[in-house]
Every structure is written in C-alpha cells, then in structure tokens.
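The next block holds one structure in the form of structure tokens; read it before the comments.
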Amino acid sequence: ISPTWFWSVIQNDFKTGNIDLEGCMRLLEKMQIPFDEAHVTHIFKKTVDKQAGQIISMEDFKAIYRAIVHRSEFQELFRAYSPDGKILPDSQLIKFLVKEQFHTEATETTAFELISKYEPIDEVRKKKQMSFEGFVRYMSSEECSIFKSQHKTIYQDMTHPLCDYFISSSHNTYLIADQLMGPSHLWGYTSALLKGCRCLEIDCWDGSNNEPVVYHGHTLTSKIPFRSVIHVIDKYAFMSSAYPLVLSLENHCSPKQQEVMADCLKSILGDKLLSSPIGGETEMTRLPSPEALKFKVLIKNKKVGTLEEGMLRTDQETGTETGGETVADTEDVSESELLSDEETDDTTPIYRSKSPYKRRGDRRTSSPPPSKKSKVKKPKIALALSDLVVYTKSSKFVSFEHSLENQKCYENNSIGEAKARKFVKHSAKEFISHTTRFITRIYPRGTRMTSSNYNPQEFWNVGCQMVALNFQTPGTQMELQDGKFLDNGGCGYVLKPEFLRDRNTTFTPKNVGAYSKPMSLSIRLISGHQLPPSSLSKTNKADPLVQIEIYGVPEDQAKKKSSVVKSNALCPKWNETFSFNIQVPELAMIRFCVEDEVSLVNNEFLGQYTLPVLSLNTGYRNIPLLTRDGIKIESASLFAHVWYY
140 ISPTWFWSVI
150 QNDFKTGNID
160 LEGCMRLLEK
170 MQIPFDEAHV
180 THIFKKTVDK
190 QAGQIISMED
200 FKAIYRAIVH
210 RSEFQELFRA
220 YSPDGKILPD
230 SQLIKFLVKE
240 QFHTEATETT
250 AFELISKYEP
260 IDEVRKKKQM
270 SFEGFVRYMS
280 SEECSIFKSQ
290 HKTIYQDMTH
300 PLCDYFISSS
310 HNTYLIADQL
320 MGPSHLWGYT
330 SALLKGCRCL
340 EIDCWDGSNN
350 EPVVYHGHTL
360 TSKIPFRSVI
370 HVIDKYAFMS
380 SAYPLVLSLE
390 NHCSPKQQEV
400 MADCLKSILG
410 DKLLSSPIGG
420 ETEMTRLPSP
430 EALKFKVLIK
440 NKKVGTLEEG
450 MLRTDQETGT
460 ETGGETVADT
470 EDVSESELLS
480 DEETDDTTPI
490 YRSKSPYKRR
500 GDRRTSSPPP
510 SKKSKVKKPK
520 IALALSDLVV
530 YTKSSKFVSF
540 EHSLENQKCY
550 ENNSIGEAKA
560 RKFVKHSAKE
570 FISHTTRFIT
580 RIYPRGTRMT
590 SSNYNPQEFW
600 NVGCQMVALN
610 FQTPGTQMEL
620 QDGKFLDNGG
630 CGYVLKPEFL
640 RDRNTTFTPK
650 NVGAYSKPMS
660 LSIRLISGHQ
670 LPPSSLSKTN
680 KADPLVQIEI
690 YGVPEDQAKK
700 KSSVVKSNAL
710 CPKWNETFSF
720 NIQVPELAMI
730 RFCVEDEVSL
740 VNNEFLGQYT
750 LPVLSLNTGY
760 RNIPLLTRDG
770 IKIESASLFA
780 HVWYY
C-alpha cells in the first residue's frame, strides 16, 4: 500500500485514538471497499483477540484492509504487467486489456478512462498510471463482470413481429405461496413487473357487489379485487421495460361482471390499453413488433367474431344505451374453452359446487364436473371485453395441422406442460413450425400444488414464446428464467435465434444438423471471495465447491464439479479448468452454483449465477452471486478466466 495515500485517507478516523468495529466498517465504506459484515467482523475479532479491548490500531486496520482487498490472484496479474511491481503505466494497462481481457480496441483513451475512474491515488492518476489499489478496484468492478456489458442494454432488433421473441411470462401471478391455501397478493404483480415480466396471468371470478375478484378458483387461496390488480399494473407496467405488456385473462366471470372488467381496464389504463389495431388495419398477415407496441397493454382473452366487426361496433359505440347487443354466445364450445387456458382448472379442482368454499370432503354432495365432451350451455362473453382483444386472441389448440390451415396470426394457444412435452418428444418439427407463426404459451400442470416449476429450457428449445413459470417459487427453473431475461437489457423480450424464426426451418433440438455452430468453451475457476459462510459454521467458514452446468439442446446439457476447499469462505482457491463443447450456443445457458459440502451426500446452497452462454465476457472476470430468491449477495463473487472460440 502507498503509505502516504493510505495514511492520508485514514488519519482523520484515528485522530482520537484507536477505532472499534463500527469505525472499521465506516472506514472501509469511505474507501469504497465492498465488504461482507460477517467476514469483517470475524477478521476484526481475530485481530482484537490477541490484545485487550474491542479496538484496533492503524496497523491492525492496515492488516484487515489487506486481508480483504489485496487478493494474491490480483497481485500475480498486476506483477506480470507492472515493470516495478508498484505501478502500471498506461501502455502496460493497454497491453493487459488487449491480451488478457480480449479488449482488442483498447487505446490510450480507454486506459485513461479506467485510470480516472478507478485510481484512488491522486499523484498516480495525474501521471496517467495505475497503482495496485486502482487495479484491484478495476478488477472488482462491473467492467470485469462475466456478463457482457453491451447485453445490459437493448441491442437486439425490436422490429420483428411479436412471435419472433421469447417473452418473459408468469403463471398465477397473484400467488405468493402455494396454489391450494396460499395468499393471493398484489405484491405478486408488483414484483413480477419489477423483474421485467411481460405476460401476467389474472384469474377472474364473480365477486360480491358486482366487483370481480382475482384468486385461484376452487381452492382456499385468498381473493383480491380485480380493480386493485389493474391499479397496480397501471402503476408498474412500464417501470422496468417500455415494451408491451400482455394480460392473460383466465376469465370465469358472468357477462355482467365481464363488463365491469372491461370498464376497469378502460378507465384505469386509459391510453395505455390497446383496444384497436395500430394504424386501424383489420386485415392482418403479421403481428406488429414490440417496438410498434411500446407502452401498450394487450388483453389476451377469448374474442367473438373478427377484428373488423369489433372495430365497427366500437365506431358506432352501440351498447346498452341504444339497446344493441352487449353479450354474445361464443361458438358451440364447452365452458372450459371459454377460459384462455384450455386445461383451465389449473389446480386439480375441488369439484364445482355453488359455493367455492365446499371442501374436498364434500365431494359427494357437489355436482360432478361436466365431462370434457358434454356440451355445457353456451358460455356468454361480454362484447365490451371481447372488443378489447386485438393481437392476442386466445384460441383452442386442436392440432398443428388445424392451426396451419385455420389459425390467424393474432390467435394464440395455451398448452399445458404435459401435452407440450409430448409434442417436443414426438413432433418437434411441427411444434417449431407452429411457433414460427403463432405465439404459444406453456403453463405448469395443475397437479403442482406447491406451485413448483418445470424446466423452461425444453420449451425454449422449440421456440415457445411464453413459457410461464411460478415467479413466487425459487429454484433452478426460476434461475434459468431470470438468467435468460438478463439479456437484451432485461426488457422481457429476447429475439429468438434465426432457426426458430424461419418458417422453413428444419432445426429440431435432437437433430441440430447444419444449424450447429460449435463453440469450444474453457473456464478456469480461479477463486472465490467473501462467499456466504455455511449456516452451520460458528467461525464464518464453509467447505465450498462450484458446479458449472450447461442447459440447452439435449446434446449440450453438461455438469462439472470443482474440488472442495476446506474451511474457507473468505478466499478459497481452486485453479481448475473446465471445458465444454457446445453445439447450439444460441440456446445455451450456463449456471455457476456455489455449495457448501455438509457431508458426502448433502450440500448446502450458498449462491448462484446463471446467464446465456452468448452473454459471456472473455478474459479475467468476476461472477456475482445471487441468493435463492435472486437477490445479489453484495460482496460475494467468484473469479474465473473465460475463453472460447
């Protein structure tokens, strides 16, 4: 450490003598050092244990600072490029950027920008040089993150039709726990929107006082007013993304309350609500783009008749005032088809009875469910709600052949995960041909009482746009979802690879053929820093190991595991290299998961990070770590060298 600089920064804090733990943390904050309180507390205690009292001297502080900041792996790199081991002239910094960080366009300007930003010592900065202090700060910064900085902004072409994108989609958005007894909560909508989700699900039922409610039908989940849900959506719809938001209505309401729904949507969302085609065209051969629909809310629901008829109705503003029709029969369909999701009663229902509160024990007394085949009396749909459906009309999926011949580009299908999985297995080619043309939503099977999730990757592999997950349920599936949609600025829309957009594609996940662009990926896992300690450790330690997993087409799936470093959560070192051959990098995701080896058969999750393989930065990179709930663990990271060709 440059003694004069270090002394000048800390002397004020030691003016009145030695400092305590709080003073130590305050000083680290002032020096802009990211630290973990538990780790600092542990190092502090180890320091003061050797002496009386709970305070430390300047020399002690210097030792604590060194333990956290001066990482040996950074020192080795610095010494390799510094002529005297003390200073990095701008020319050597450029060399480091080009050779090690693959920053081929690095110039004097680049070097000077980094020096101005990260060098804390004035006289070094003025000479356009970098000290080890500046180097450490640069190496720990966002610029050295494993996630490509250009992918943190919207860099993809947003003018393709909607069906050309993967769209971040949530299932049972109103739930924040399980789907049998759990609470329904507005926070479900707020948190999904803040995460950039672009397709929300709303289960609507008749409520008292002619006010529709949102909850998980035939179960004991609590209820929230539809009106409140729309108010929350109005407030947060475009906070994380400017691109269109789709509200997928699972509509169980009577026509009377459907009219209330339509009125809520219009009065609360106002201009945000898309209620007629842009440019007024009713003859549509392709869907508009996310760019053309910026800041618009789209309603996904059943629709009566054509766009044109709806437009005429809106123009004439017929309705109750003029005694016109306000309710229409949908074609001869059974009740379950009126709902936007075919296999609707998402949770195995507590059989339909007049009162939704009848428990399972009362099955004998409740009416049996109408059989799928039997024609129930025609469900009614309020024209006021039907007319709000423009580009996202829910239509029943019959077969790929039927869709190819009859389906309009603005008609979408919802397919349950079990049925969709069969299609992936037995008719992947037809499935992909279907998703190049029509928006397809996949949703979890109803027997997932705990709101568990399926692996979304298998449905992205065949181009399904809306792969809906339970956002409230943490786990690898949600980590893949969050990782995929970090891409393209986190806007909730990610352009599908060309081979999943081309209508004449012959690509299938099991037979990638000519679509393969093999990538040889090599990751040298160097070290970890300030990892969360094991929950079982009294001394702030862990026995960490790292799993590196690839998710993608079947032949790209892979999992590799590092060795275990014994009792070290502060700065474990691995120095192990892992190689992967990836056939379809455009679909591949990579997940780094840090675990504590509790026993030979049991590991405790410490943190993870998942991102698209094509968003990997090459060179020496730090990997942030997130909790199970997707929250960044402030000072924890892995350090690795990434290289591919």
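The numbers in the working numbering rise by one with no breaks, and the one at position 405 of the sequence shown is 544. Beta carbons are placed, not taken as given, at the ideal position from N, Cα and C, and that holds for glycine.
Please tell me whether, using a cut-off of 7 Å, the distance from the CB of residue i to the nearest non-hydrogen atom of the ligand MN is below it.
{"i": "Asn756", "result": "Among the ligands in the structure shown, none appear at all, so the ligand MN cannot be discussed."}
Relative to the C-alpha of residue i, which candidate in the options has its C-alpha closest?
{"i": "Ile285", "options": "Phe434, Ile772, Leu764", "result": "Leu764"}
{"i": "Ala779", "options": "Asp695, Ile665, Pro416, Gln696", "result": "Ile665"}
{"i": "Val529", "options": "Pro416, Asn545, His573, Lys374", "result": "Pro416"}
{"i": "Glu420", "options": "Leu160, Thr445, Phe365", "result": "Thr445"}
{"i": "Ile194", "options": "Glu168, Pro173, His209, Cys163", "result": "Cys163"}
{"i": "Asn311", "options": "Leu232, Ser706, Ile341, Leu301", "result": "Ile341"}
{"i": "Asn679", "options": "Leu167, Gln669, Ile203, Leu236", "result": "Gln669"}
{"i": "Leu524", "options": "Lys256, Ile306, Glu398, Ser330", "result": "Glu398"}
{"i": "Met605", "options": "Lys439, Thr644, Cys403, Glu736", "result": "Lys439"}
{"i": "Leu451", "options": "Gly585, Asp526, Tyr277, Pro300", "result": "Asp526"}
{"i": "Ser676", "options": "His181, Gly156, Trp146", "result": "His181"}
{"i": "Leu709", "options": "Arg218, Ser776, Tyr654", "result": "Ser776"}
{"i": "Val703", "options": "Leu227, Asn741, Ser367, Ser538", "result": "Asn741"}
{"i": "Ile770", "options": "Lys435, Gly622, Asp682", "result": "Gly622"}
{"i": "Phe717", "options": "Pro693, Arg663, Glu694", "result": "Arg663"}
{"i": "Val633", "options": "Thr246, Tyr304, Glu262, Lys185", "result": "Tyr304"}
{"i": "Trp326", "options": "Cys283, Asn720, Gly555, Ser367", "result": "Ser367"}
{"i": "Lys712", "options": "Arg210, Asp261, Val371", "result": "Arg210"}
{"i": "Leu522", "options": "Thr453, Val737, Ser534", "result": "Thr453"}
{"i": "Cys732", "options": "Thr766, Leu755, Tyr759, Val371", "result": "Thr766"}
{"i": "Asn707", "options": "Phe719, Asp735, Pro724", "result": "Asp735"}
{"i": "Glu252", "options": "Cys403, Lys267, Glu262, Leu166", "result": "Lys267"}
{"i": "Cys603", "options": "Pro613, Met617, Leu619, Val563", "result": "Val563"}
{"i": "Gln396", "options": "Ile158, Gly273, Pro364", "result": "Pro364"}
For the beta strand (DSSP E) that contains residue i, what are its first and last residues?
{"i": "Leu138", "result": "Nothing about residue 138 can be read from this structure; the chain reaches only from 140 to 784."}
{"i": "His370", "result": "That residue, His370, is in no beta strand (DSSP E); its alpha helix (DSSP H) goes 365 to 375."}
{"i": "Ser774", "result": "771 to 783"}
{"i": "Arg760", "result": "758 to 765"}
{"i": "Gly746", "result": "741 to 751"}
{"i": "Gln686", "result": "683 to 690"}
{"i": "Ser673", "result": "No beta strand (DSSP E) holds Ser673; DSSP gives it neither H nor E."}
{"i": "Tyr304", "result": "304 to 306"}
{"i": "Val385", "result": "384 to 390"}
Return the first residue and the last residue of the alpha helix (DSSP H) that residue i is part of.
{"i": "Gln231", "result": "229 to 238"}
{"i": "Ala401", "result": "394 to 408"}
{"i": "Lys547", "result": "No alpha helix (DSSP H) holds Lys547; DSSP gives it neither H nor E."}
{"i": "Ile254", "result": "247 to 257"}
{"i": "Leu524", "result": "522 to 525"}
{"i": "Lys201", "result": "197 to 208"}
{"i": "Ile149", "result": "142 to 149"}
{"i": "Lys265", "result": "261 to 265"}
{"i": "Met278", "result": "271 to 278"}
{"i": "Lys433", "result": "Counting along the chain, Lys433 falls outside any alpha helix (DSSP H), and DSSP gives it neither H nor E."}
{"i": "Leu160", "result": "160 to 169"}
How many whole angstroms separate the CB atoms of residue i and residue j, which I take to be in contact at a CB cut-off of 8 Å?
{"i": "Leu314", "j": "Tyr328", "result": "So it is not a contact: roughly 11 Å between Cβ atoms."}
{"i": "Ser659", "j": "Tyr582", "result": "Ser659 to Tyr582, Cβ: 37 Å. No contact."}
{"i": "Asn756", "j": "Lys287", "result": "5 Å"}
{"i": "Val651", "j": "Gln596", "result": "At roughly 15 Å, the Cβ-Cβ gap does not stay under 8 Å, so Val651 and Gln596 are not in contact."}
{"i": "Ala557", "j": "Arg584", "result": "5 Å"}
{"i": "Lys441", "j": "Ile520", "result": "6 Å"}
### Message
To test your reading of the DSSP string, which unbroken beta strand (DSSP E) runs of 3 or more residues are found completely within the stretch 554 to 588?
### Response
579 to 582
### Message
Check whether the stretch 140 to 155 and the stretch 177 to 185 are in contact - that is, three or more C-beta pairs closer than 8 Å.
### Response
no
### Message
Three or more C-beta pairs under 8 Å: does that hold for the stretch 208 to 222 against the stretch 743 to 750?
### Response
no
### Query
In the stretch 692 to 733, which residue ranges form an unbroken alpha helix (DSSP H) of at least 4 residues, counting only runs that do not cross its ends?
none
### Query
What are the uninterrupted segments assigned as beta strand (DSSP E) that are 3 or more residues long and contained completely in the stretch 575 to 660, given in chain order?
579 to 582, 632 to 634
### Task
Check whether the stretch 693 to 704 touches the stretch 562 to 569, taking contact to mean three or more Cβ pairs, one atom from each stretch, closer than 8 Å.
no
### Message
Would the stretch 575 to 584 count as touching the stretch 544 to 551 if we require 3 or more Cβ pairs under 8 Å?
### Response
yes
### Message
In chain order, what are the residue ranges of uninterrupted beta strand (DSSP E) at least 3 long that sit wholly in the stretch 328 to 363?
### Response
338 to 344
### Query
Three or more C-beta pairs closer than 8 Å, one from the stretch 283 to 298 and one from the stretch 334 to 350: is that the case here?
no
### Query
Is the stretch 229 to 241 touching the stretch 686 to 694 in the sense that three or more CB pairs, one from each, lie closer than 8 Å?
no
### Query
Is there contact here, the stretch 419 to 438 with the stretch 378 to 391, by at least three beta-carbon pairs under 8 Å?
yes
### Message
Taking 8 Å as the cut-off, does the stretch 342 to 349 touch the stretch 389 to 398 (at least 3 CB pairs, one atom from each stretch)?
### Response
yes
### Query
So, do the stretch 620 to 628 and the stretch 538 to 548 have three or more beta carbon pairs nearer to each other than 8 Å?
no
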